[in-house]
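Here the sequence shown is numbered in my numbering, starting from 54 and rising by one per residue.
Just so you know, even glycine gets a beta-carbon here, dropped at the ideal spot from N, CA and C.
Below: the structure, in structure tokens.
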Amino acid sequence: MINQIRTIKEARDTALTNAKAMIKVLSAIIIILIIVTALAIVGMTSLNVTQRTKQIGTRRALGATKAAIIRYFLVENCALSSIGLGIGILVSLSVHAEFEKRFQVSQLDWYFLVGTGILILSVGLVSTFFPALKAAEVPPATATR
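Printed below as a string of structure tokens:
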């Protein structure tokens, strides 16, 4: 005897309840990690600007424009982020290859790596921009102090 009749949609929704909850939790964790990473980049870049105030002042005294100072920090961050991103992609590909062998998971799609790379570079550049603006405001007279 059939105790309960459900539509296919209801059965599907019931079966996917745990998966949907896991997606929400993991998405929240990812967002929190991106925010923490952005704040860490802002802090590191601010410290870097503070430590190199005389160097920035010297560059300004020698004729560097504010745009050149901002560009300097953005290019530096982009280079460091690219190196880290390259290492991260290599590690993730090797770990995923091991997962494919042991757990028979599907192959990692290339657009996840590209999307993650673009996101990481974007977060890094946006997080570096505001401390770089502060660096661009260093007066040339600072080099003489």
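- A straight line joining the alpha-carbon of Thr-118 with that of Thr-195 spans about 15 Å.
- Looking at Pro-193, Ile-83, Ile-94, Glu-151, the one whose alpha-carbon comes closest to that of Pro-184 is Ile-94.
- No Cβ-Cβ contact shorter than 8 Å links Val-167 with Ile-109.
- In this chain, the alpha helix (DSSP H) harbouring Asp-66 covers 61-68.
- Counting along the chain, the unbroken alpha helix (DSSP H) around Val-144 starts and ends at 119-156.
- Secondary structure note for Gly-170: its alpha helix (DSSP H) is the uninterrupted segment 163-189.
- Cβ atoms of Asn-130 and Leu-178 come within 8 Å of each other, at about 6 Å.
- Between the alpha carbons of Thr-70 and Leu-100 lies a gap of roughly 45 Å.
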